[in-house]
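Note sheet for the following structure.
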Amino acid sequence: MKHAILLAEDEEAIAKLVDYKLKKEGYEIYVAKNGQEALDQLGAREWSLIILDVMMPVRDGWQVLKELKASQYSTIPVLMLTAKSRPKDISNAAELGATQLLGKPFDPTELAACVHKMIEG
Amino acid sequence: MARQEAQLPPFWRLTDQPLSIQFWVAGGLVFLFSVTSVAVLLVQLSSQTSTSIFLKKTYQSLNRLNQLEQEVFNQQAIVLEKAISQDRANDQKLLKAQKSWQNVYSAFEFSVLGVPGLADSAKRLGPLYQRWFDFIQTLIERNGKIGTQDFALASQLLKEIGQNVHQIRDFGQELLLSQELKEKEQGHGTFFSVAGLTLFLWIVFSFMLSQLYSSIAKPISGLSRGMNRYRGGDFATRVAVTNRSQIGFLESSFNDMAEKIESMVHDLKKLDQLKTDFLSTVTHELRTPMTSISGYVKLLLIGDAGEISDIQKDFLKIIDQNVVRLAHLINDILDVEALESGKVELNKQDVDLLEVLQECCGTFRMTAQQKNLKLETVFPEKTAKIFGDRARLVQIFMNLISNSIKYTQQGYVRVRVEQNDIASVIRIEDSGIGLTTEEQENLFQKFYRAPSGITSSESGTGLGLVIVKNLVEAHGGKVSVESVPQQGTKFTVTLPRVL
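Written as structure tokens, this is what we have:
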């Protein structure tokens, strides 16, 4: 069975990049265009991993993460993507319960490796 | 900014008047009171003096009266002798005695002038004596024999004179007593008026001084304390406006200035925050397209979108490198801004300096080998500990070593560490292309790149050394450069040790 990954990213180009790479790695991907859409899709499938961009309209990555951790889906591992990777962002992510944080710009190969580790262990 | 004139409204409290008026009034009061005091004392003294003079004259008069009494006795004696002996020689004696009386009487008249009370009663004496004088004169001219009747009359006249003198003297002594009493009273009066005046003046001056203190000294103290608080960084502090004179003006001006400065500080803080926010937003906006560019390029490079030719690979590599360069530039800009506005927090702990340097050298070993450079370390035996942020220390030395390698074509790059009691000194020496004096002077400026020597593709962002300098100084240390063109460059970093 293929693992399903929920990706929340408003930048089309970046979403396409991640989608292409992870599909090549053998995962199924759903791309949500903003935080609200991601939340709405939480119940649609059994997600193995959630990738959240931080800067998004409507609901940003931190808000989604908070809600996620307060919901029934809190056990799903979360990978945050952010253009700000200052120490306080890392601690913020950890505090809110994100499993991993990857800074932009990222190497897609590195992202794939990260995803693999988080899903397969 | 227009200069404000001090408007001093017409308020009638003394401490609200201009300071010059306050001091004029105070001076005027001092003058008035001193004049009054002097006048009162002079009056007292003059009346005391006149009483003294009066007393002196009374003493003198009494003396003269005593003498007159003596004269009377004397004449009585002569008359008696004349009556007994009928000797004509006594006439001469009498005449002489008359002269003697005249002298004393003149003196008496003179002294009694200053004693009006005595003078009146003494007026009787003159005519009385004249009667006696005339009687004796007639007697002497008539041939000088004194019969019993003459003797009786003469005795009678002299007795009367003597009694009068006595009376006057008694009266004079009474006068004397009352004068002495008066003098004593006046002495007391002077004492009390002096004491009273002093007390009154003391009260008035105390009041004046307390007014001056509260209207001038106290507000100035308050103002000084307010300024001190302000200097200490409390921009919200103000002082009370205590009156409407120049002092009050100082106080309200201080408050106005404090207000202005506080709002300027507030604006500056806002601006600073805006700048930080702006940079933050901009860097984020820059990183987003960069992510796309570098991501796709990387995918192409690893062949995920199909096979690529060697040339395509080369070109793609170049694109990738430049994206990396952009990424570093953005990081450096953020770093510099954070360091310069003091927003960087160093995660300070005990750090093994030698370990950090080994790590940095390790990273560059491959690159040095590729360029055929010797990468050496000269470390002391004892480990050196620095109290600092490990990641930032790594950043410092990575930057410096990377620079040395970049700007050295042949020879060596040496990292030498020396220590003394207070600091560790790290020298990064190379045999590279070196720097001119001008380049050395400008080296730590933002975006400065030494024009000499290397291709622009190899050179960095121009911010590396600025960051190095900021970070070294944030650790309490110093960094400097020495160089000889074509021979080499030496960077010296001094960092205070932890004891």
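For the protein sequence lines, the chains are A and B, in the order given. Under this note's numbering, the first residue of the first sequence is numbered 1057, with each subsequent residue one higher. Under this note's numbering, the first residue of the second sequence is numbered 15, with each subsequent residue one higher. Cβ atoms here follow ideal geometry from the backbone N, Cα and C, with glycine treated the same way. Since we're looking at a predicted model, the values are computed, not measured.
Using a Cβ cut-off of 9 angstroms, pull out every chain B residue sitting near residue i, in sequence order please.
i	result
methionine 1136 of chain A	None at all; the shortest Cβ gap to chain B is about 14 angstroms.
leucine 1063 of chain A	None at all; the shortest Cβ gap to chain B is about 14 angstroms.
Spell out the partners DSSP gives residue i in its beta bridges.
i	result
aspartate 364 of chain B	B/Phe401
lysine 504 of chain B	B/Glu443 and B/Glu496
aspartate 324 of chain B	In DSSP, aspartate 324 of chain B forms no bridge with anything.
alanine 1060 of chain A	A/Glu1084
serine 120 of chain B	Paired residue(s): none; serine 120 of chain B is not in a bridge.
alanine 1126 of chain A	Answer by DSSP bridge pairing: none, since alanine 1126 of chain A is not bridged.
lysine 388 of chain B	B/Tyr426
arginine 511 of chain B	B/Ile400
aspartate 1109 of chain A	A/Leu1137
valine 431 of chain B	B/Ile440
glycine 1159 of chain A	A/Thr1138
Report buried or exposed for residue i, applying the criterion of at least 16 other Cβ atoms within 10 angstroms of its Cβ.
i	result
asparagine 104 of chain B	buried
glutamate 85 of chain B	buried
isoleucine 275 of chain B	exposed
serine 418 of chain B	buried
proline 11 of chain B	As displayed, chain B neither begins before 15 nor continues past 513, which places residue 11 of chain B out of reach and without an answer.
serine 308 of chain B	buried
isoleucine 217 of chain B	exposed
alanine 1150 of chain A	exposed
tyrosine 244 of chain B	buried
leucine 513 of chain B	Note that leucine 513 of chain B scores 49 on pLDDT, short of 50, meaning its location in the model is unreliable; the coordinates nonetheless yield the value given after this. With fewer than 16 other Cβ atoms within 10 Å, it is exposed.
isoleucine 98 of chain B	exposed
glutamate 265 of chain B	buried
leucine 223 of chain B	exposed
glutamine 31 of chain B	buried
histidine 489 of chain B	buried
glutamate 452 of chain B	exposed
asparagine 456 of chain B	exposed
tyrosine 1083 of chain A	buried
glutamine 193 of chain B	buried
leucine 1062 of chain A	buried
tryptophan 26 of chain B	exposed
asparagine 413 of chain B	buried
valine 392 of chain B	exposed
alanine 168 of chain B	buried
Would residue i and residue j qualify as a contact pair, given that the criterion is a beta-carbon distance under 8 angstroms?
i	j	result
threonine 397 of chain B	leucine 368 of chain B	yes
asparagine 178 of chain B	leucine 139 of chain B	yes
arginine 9 of chain B	isoleucine 436 of chain B	Residue 9 of chain B lies beyond the stretch modelled for chain B, which goes from 15 to 513, so this question has no answer here.
valine 337 of chain B	proline 1161 of chain A	yes
threonine 508 of chain B	lysine 483 of chain B	no
isoleucine 333 of chain B	leucine 300 of chain B	no
alanine 1168 of chain A	leucine 1078 of chain A	yes
serine 207 of chain B	valine 49 of chain B	no
valine 486 of chain B	isoleucine 410 of chain B	yes
valine 350 of chain B	valine 480 of chain B	yes
aspartate 403 of chain B	asparagine 361 of chain B	yes
glycine 1091 of chain A	methionine 1112 of chain A	yes
alanine 136 of chain B	isoleucine 182 of chain B	yes
alanine 1060 of chain A	serine 1104 of chain A	yes
isoleucine 347 of chain B	threonine 1165 of chain A	no
leucine 1073 of chain A	leucine 1108 of chain A	no
serine 5 of chain B	asparagine 269 of chain B	Nothing about residue 5 of chain B can be reported from this structure: the residues present for chain B run from 15 to 513 only.
serine 51 of chain B	leucine 215 of chain B	yes
Below 7 angstroms on C-beta distance, what does residue i contact in chain A?
i	result
serine 308 of chain B	Pro1161
threonine 475 of chain B	Under the 7 angstroms cutoff, chain A gives no residues; its nearest Cβ is about 16 angstroms from threonine 475 of chain B.
lysine 312 of chain B	Asp1163, Pro1164 and Thr1165
alanine 341 of chain B	Pro1161
Taking Cβ-Cβ distances shorter than 9 angstroms, what residues in chain A pair up with residue i?
i	result
aspartate 318 of chain B	Tyr1076, Lys1077, Lys1080, Pro1164 and Thr1165
lysine 289 of chain B	Correct list: empty, because the minimum Cβ distance to chain A is about 16 angstroms.
valine 337 of chain B	Pro1161
Using the beta-carbon of each residue, which ones in chain B are nearer than 7 angstroms to residue i?
i	result
alanine 1069 of chain A	Ser306
asparagine 1111 of chain A	In the sequence on display, residue 1111 of chain A carries methionine and not asparagine. Going along chain B in sequence order, the residues near methionine 1111 of chain A (Cβ under 7 angstroms) are His298.
leucine 1158 of chain A	Near leucine 1158 of chain A there are no residues of chain B at all, since even the closest Cβ is about 10 angstroms away, more than 7 angstroms.
leucine 1108 of chain A	Those do not exist, as leucine 1108 of chain A stays about 15 angstroms from chain B at its closest Cβ, beyond 7 angstroms.
Which bits of chain B does residue i rub up against, with CB to CB less than 8 angstroms?
i	result
alanine 1139 of chain A	Thr297, His298, Arg301, Thr302 and Thr305
For a cutoff of 8 angstroms on Cβ pairs, would you count residue i as touching chain E?
i	result
leucine 139 of chain B	Protein chains A and B are contained in the structure displayed, whereas chain E is not.
Any contact between the stretch 150 to 164 of chain B and the stretch 175 to 189 of chain B? By contact I mean 3 or more CB pairs, one from each, below 8 angstroms. no
Using 8 angstroms as the Cβ pair cut-off and three pairs as the minimum, do the stretch 199 to 207 of chain B and the stretch 165 to 181 of chain B touch? no
Should the stretch 309 to 317 of chain B be called in touch with the stretch 1067 to 1083 of chain A, which here means at least 3 C-beta pairs below 8 angstroms? yes
Count the C-beta pairs between the stretch 423 to 434 of chain B and the stretch 442 to 450 of chain B that are closer than 8 angstroms, then say yes if the count reaches three, no if not. yes
Between the stretch 60 to 77 of chain B and the stretch 125 to 138 of chain B, can you find at least three pairs of beta-carbon atoms closer than 8 angstroms? yes
Is the stretch 234 to 242 of chain B touching the stretch 251 to 262 of chain B in the sense that three or more CB pairs, one from each, lie closer than 8 angstroms? yes
Would the stretch 31 to 44 of chain B count as touching the stretch 372 to 381 of chain B if we require 3 or more Cβ pairs under 8 angstroms? no
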